[in-house]
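Residue numbering for the sequence shown follows this note's numbering, starting at 882 and increasing by one per position.
No residue lacks a Cβ here, since even glycine has one placed at the ideal position from N, Cα and C.
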Amino acid sequence: MRKLIDIDEKTLTKLKVISIFEKTSVKGLIENAVQIYLKSIQTNQFNNLSDEEKEDLGLLMLMQEVDRKDKVSEDEIFKILGK
882 MRKLIDIDEK
892 TLTKLKVISI
902 FEKTSVKGLI
912 ENAVQIYLKS
922 IQTNQFNNLS
932 DEEKEDLGLL
942 MLMQEVDRKD
952 KVSEDEIFKI
962 LGK
């Protein structure tokens, strides 16, 4: 996907200098900066969740990893629960 970003000349010059020292392209620098920013935002959002919300999110993530074709009978569930 291609997106155009308008950057003022002063910032572009700084990016070019940094890209020389980092031995990467300006595009690569911007991509890395966006990834770091998004990770920071996600971390802050996660840290602001209550314990209950974190537990719900963890359960959701586990549910997404489950093999939907793997079935368990009702009897097996009740055996595990000790009823």
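Assuming Val898 is part of the alpha helix (DSSP H), what are its boundary residues? If you number the sequence shown from 1, residue 898 lands on position 17. Taken as a continuous stretch (DSSP letters only), the alpha helix (DSSP H) holding Val898 covers Glu890 to Glu903.
Indicate whether Ser900 and Leu910 have their beta-carbon atoms separated by less than 8 Å. Numbered from its first residue, the sequence shown carries residue 900 at position 19. Numbered from its first residue, the sequence shown carries residue 910 at position 29. A contact, by the Cβ cut-off of 8 Å.
Tell me which residue opens and which closes the alpha helix (DSSP H) that Ile922 is part of. Taking the sequence shown and counting its residues from 1, the one referred to as residue 922 is at position 41. Segment Val907 to Asn928, the alpha helix (DSSP H) holding Ile922.
Cβ-heavy atom distance between Lys935 and the ligand ATP below 7 Å? In the structure on display, the ligand ATP does not appear, and there are no ligands present to speak of.
Return helix, strand or coil for Lys950, following the three-state DSSP convention. Position 69 of the sequence shown, counted from the start, is the residue given in the question as residue 950. Reduced to three states, the DSSP call for Lys950 is coil.
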